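In full-length UniProt numbering, the protein residues as written are 1 to 255.
No residue lacks a Cβ here, since even glycine has one placed at the ideal position from N, Cα and C.
Note that this is a predicted model, so its numbers are computed, not measured.
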Amino acid sequence: MPLEIVTVPCLSDNYAFLAHDPDSGDTALVDVPEAGPILSALSDRGWRLTQVLLTHHHADHVQGLEEVLARHDARVVGAAADRHRLPALDTAVAEGDTVKIGAETGHVIDVSGHTVGHIAFHFPDSKAVFTADSLMALGCGRLFEGTAPQMWESLSKLAALPDDTVVYSGHEYTKANGAFAMTIEPDNPDLISRVRDIAEKRAANQPTVPSTLALERSTNPFLRAIVPSVQAGVGLSGADPAEVFAEIRSRKDRF
1 MPLEIVTVPC
11 LSDNYAFLAH
21 DPDSGDTALV
31 DVPEAGPILS
41 ALSDRGWRLT
51 QVLLTHHHAD
61 HVQGLEEVLA
71 RHDARVVGAA
81 ADRHRLPALD
91 TAVAEGDTVK
101 IGAETGHVID
111 VSGHTVGHIA
121 FHFPDSKAVF
131 TADSLMALGC
141 GRLFEGTAPQ
151 MWESLSKLAA
161 LPDDTVVYSG
171 HEYTKANGAF
181 AMTIEPDNPD
191 LISRVRDIAE
201 KRAANQPTVP
211 STLALERSTN
221 PFLRAIVPSV
231 QAGVGLSGAD
241 PAEVFAEIRS
251 RKDRF
């Protein structure tokens with residue numbers, strides 16, 4: 001059976017995720033912005049937390065960990081490259097390593113750019129990828145530590161996953177991201193439709209995360225640096241996609 005995945009809103013605009021294997025009863029938590037909503041979600045479902053998967057070291061992704069571990073005896077998994085600034089890890093992983101939730105195998109992907117050492121977790125059998133602040137709904141994380149070519153390489157890895165992969169990203173930034181995306185591709189019919197859908201969901205206080213990779217590829221400007229019309233729109237026709245991405249990221253930083 002595929003993993004049962006629950007989106008847990010935290011803080012003002014963060015998301016954590018619970019991934020539950022019904023056969024074994026194992027449950028993994030992806031990132032820990034705050035403890036209260038996560039503990040409530042576990043209690044409401046009667047799930048036991050067996051492991052915590054950390055994507056990167058920023059406080060709004062790890063700061064609830066101590067309180068969660070006080071209630072659940074779970075193993076903590078995070079990037080070996082980020083071990084010096086993550087909470088204490090039971091298992092340190094790098095790209096190419098795997099993690100297990102019940103019988104399902106997840107693959108670790110290095111998606112450095114937002115931070116150096118940021119990782120994503122891809123579970124192909126459940127068609128799910130947990131991307132936190134790398135690939136986001138209609139956006140990508142600001143480049144606090146990495147370079148534009150580094151982030152473009154990371155996004156390209158994620159873009160190579162199957163179309164029906166569901167993208168579980170770390171923040172409810174989609175409405176603002178959509179407003180920016182419209183400045184890059186104002187005539188993109190898929191984007192126009194998505195922005196309308198986002199407005200309806202947010203008006204009803206519904207999350208816009210997760211999304212699908214197919215939707216991101218057709219609307220997210222940060223994945224579309226290879227598209228000739230996008231290149232032309234930012235005055236960089238025929239340029240290296242990493243250069244086009246850098247221009248789009250720079251424009252978003254100033255937006």
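So residue i is in the beta strand (DSSP E); what residue range does that whole segment cover?
| i | result |
| --- | --- |
| Asn14 | Asn14 to His20 |
| Gly78 | Arg75 to Ala79 |
| residue 334 | Residue numbering for the chain in the displayed model covers 1 to 255; residue 334 lies beyond these limits and cannot be assessed. |
Kindly give me the distance between the Cβ atoms of residue i and residue j, rounded to whole angstroms, as I take these residues to be in contact under 8 Å.
| i | j | result |
| --- | --- | --- |
| Ala137 | Thr165 | With 8 Å as the limit, Ala137 and Thr165 do not qualify as a contact, their Cβ atoms being about 13 Å apart. |
| Ser134 | Gly113 | 6 Å |
| Pro22 | Ser126 | No, Pro22 and Ser126 are not in contact; Cβ-Cβ is about 12 Å, not under 8 Å. |
| Gly64 | Ile38 | 7 Å |
| Asn220 | Gly139 | 7 Å |
| Ala74 | Thr55 | Not really, about 16 Å apart at Cβ, beyond 8 Å. |
| Glu247 | Val234 | 5 Å |
May I ask you to report which of helix, strand or coil DSSP gives residue i?
| i | result |
| --- | --- |
| Leu223 | helix |
| Pro9 | strand |
| Ala94 | coil |
| His107 | strand |
| His122 | strand |
| Phe245 | helix |
| Val32 | coil |
| Gly139 | strand |
| Ser112 | coil |
| Val209 | coil |
| Ala128 | strand |
| Glu145 | coil |
| Leu53 | strand |
Could you spell out where the alpha helix (DSSP H) holding residue i opens and where it closes?
| i | result |
| --- | --- |
| Leu158 | Ala148 to Ala159 |
| Ala35 | Ala35 to Arg45 |
| Gln234 | Before going further, note that residue 234 is Val rather than Gln in the sequence given. Per DSSP, Val234 belongs to no alpha helix (DSSP H) and is neither H nor E. |
| His61 | Ala59 to Val62 |
Please classify residue i as buried or exposed, where buried requires at least 16 other C-beta atoms within 10 Å of its C-beta.
| i | result |
| --- | --- |
| Gln231 | buried |
| Gly178 | buried |
| His84 | exposed |
| Pro210 | buried |
| Thr91 | exposed |
| Gly78 | buried |
| Asp82 | buried |
| Ala181 | buried |
| Asn14 | buried |
| Phe255 | exposed |
| Gly117 | buried |
| Thr98 | exposed |
| Arg142 | exposed |
| His154 | The sequence shown places Ser at residue 154, rather than the His named in the question. Buried, since its Cβ has 16 or more Cβ neighbours within 10 Å. |
| Asp31 | buried |
| Ile208 | It should be noted that the sequence gives Thr, not Ile, for residue 208. So Thr208 counts as buried. |
Comparing the C-beta of residue i with each C-beta of chain B, is any distance below 9 Å?
| i | result |
| --- | --- |
| Val195 | The structure shown contains no chain B; it is built from a single protein chain. |
What are the start and end residues of each continuous beta strand (DSSP E) run of 3 or more residues lying completely inside the stretch 161-198, in chain order? 166-169
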